[in-house]
Amino acid sequence: MKEAVTILNEALLTEKATMLSANLNQYVFSVAKTASKQNIKDAVEKTFSVTVLKVNTLIAKPKAKRDRMKRNKLGFSSSVKKAIVTLKAGDSIDLA
């Protein structure tokens, strides 16, 4: 198994992620692209000492970006793998 530090990159604190954590006890993390759901579950349980019920993953497609300094040269941002982790009722993660 990979180390938890290499699997979990960062917690995402967006408006949607904040709503999920407040209402549904779900937390959103940016994870390594090679991480499986089982690796993510183990890493979250080990790092935050909580019980994970379910892990959903998605890969956000890269967005087109223009470089204004180089005559509108078109490039793309990197794709990002995200994990939405559902915790057992009563468990929580302090991300502040």
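For what it's worth, this note's numbering labels the leading residue of the sequence shown as 42, then goes sequentially. Virtual Cβ for every residue (Gly too), placed ideally from N, Cα, C.
Leaving aside the five residues that flank E86 on each side, the residues in its chain whose CB is nearer than 6 Å to its CB run, in chain order, V93. Under DSSP, I125 takes part in a beta bridge, and its partners are V69 and N97.
Relative to S133, the option among L61, N66, T59 and R112 whose CA is nearest is N66.
By DSSP's assignment, E51 forms a beta bridge with S71. When beta bridges are read from the DSSP output, G131 appears opposite no residue.
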